[in-house]
Structures are given as C-alpha cells and as structure tokens.
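*Asks:*
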Amino acid sequence: MSAPGLRSVHAFRAVSTRRRAARGSEPAGGFAALDADYRRSREHNRLVIDGVVAPAELAALADADRRCGPRAPDEPSHSRSDEPEPLDLKFA
Numbered sequence: 085m086s087a088p089g090l091r092s093v094h095a096f097r098a099v100s101t102r103r104r105a106a107r108g109s110e111p112a113g114g115f116a117a118l119d120a121d122y123r124r125s126r127e128h129n130r131l132v133i134d135g136v137v138a139p140a141e142l143a144a145l146a147d148a149d150r151r152c153g154p155r156a157p158d159e160p161s162h163s164r165s166d167e168p169e170p171l172d173l174k175f176a
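Its first residue numbered 85, the sequence shown is counted upward by one per residue in my numbering.
#1: Would you mind reading off the limits of the alpha helix (DSSP H) that contains ALA116?
#2: For VAL137, which residues in the same chain have their Cβ closer than 6 Å to its Cβ, ignoring the five residues on either side in sequence?
#3: In three-state DSSP terms, what is GLY135?
#4: Pull up the distance between the alpha-carbon of ARG126 and that of GLY108, whole angstroms please.
#5: Can you give the Cα-Cα distance for HIS162 and GLU141, rounded to whole angstroms?
#6: Span of the beta strand (DSSP E) holding ARG107?
#7: Between the Cα of LEU131 and those of ARG103, GLU110, ALA106 and ALA87, spot the shortest distance and give me the residue it belongs to.
#8: Assuming contact is defined by CB atoms lying nearer than 8 Å, are ARG102 and ALA117 in contact in what I supplied?
Here it is, written out as structure tokens:
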C-alpha cells in the first residue's frame, strides 16, 4: 500500500476509534479510547498516537494506555466481558 493510502487508513481508524469510545482522555500527541463494556478488547481500549510526541513522553502515554483495564496475554482481543467463553470444538 502506498504511503498516502496507509495514512488514510490510519486516519480513518483513529477517527472511528475516537467516535465509538465510551470515554477517553486526550494526552498530548494522541488520545486514549476506553470502553468498559469491552474491557478485554484491544480495539475498544487503546492508545492512538496521531501527533508528534517526544520519546521521553511516549512512556507516560503508554502507562496511560495500560490503565485502560486488565487483560491477560492469551485473551482474545474481541471478547466482551459478559460473553461466555468460546466452545473448544474438535473436528475429526
């Protein structure tokens, strides 16, 4: 994908994430989108950097992103907190 096309994709994802966030914060250089209904979802709870951020400030922004909510490394990124666990289907 060309650089202008990739920038368009990133811009669209940033706008759609900001619109659907249940709550959020606006740190310098980006924003944090938060949604407690999907507390395990990386898509609904994430930090988006859409501006210029000094390297020293990036660590503080990442700390803000970690406060979005606990998530185990093996949890699927799309699951809702009130959804049942997926079935473990085995096919012969």
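Positions of the beta carbon are idealized from the N, C-alpha and C atoms, including for glycine. It should be emphasised that the depicted structure is a prediction, and the values quoted were computed from it without experimental measurement.
*Replies:* For this structure:
#1: No alpha helix (DSSP H) holds ALA116; the beta strand (DSSP E) holding it covers 114-118.
#2: These residues qualify, in order along the chain: GLY113.
#3: Shown here, GLY135 sits in coil according to DSSP, grouped into three states, outside any helix or strand.
#4: Between the alpha carbons of ARG126 and GLY108 lies a gap of roughly 14 Å.
#5: Reliability of the predicted coordinates at HIS162 is poor, the pLDDT of 49 falling under 50, and the value obtained from them is presented with this limitation in mind. One C-alpha to the other measures close to 29 Å.
#6: Here the beta strand (DSSP E) through ARG107 covers 107-109.
#7: Ranking the options by Cα distance to LEU131, first place goes to GLU110.
#8: Between ARG102 and ALA117, the CB-CB gap stays under 8 Å.
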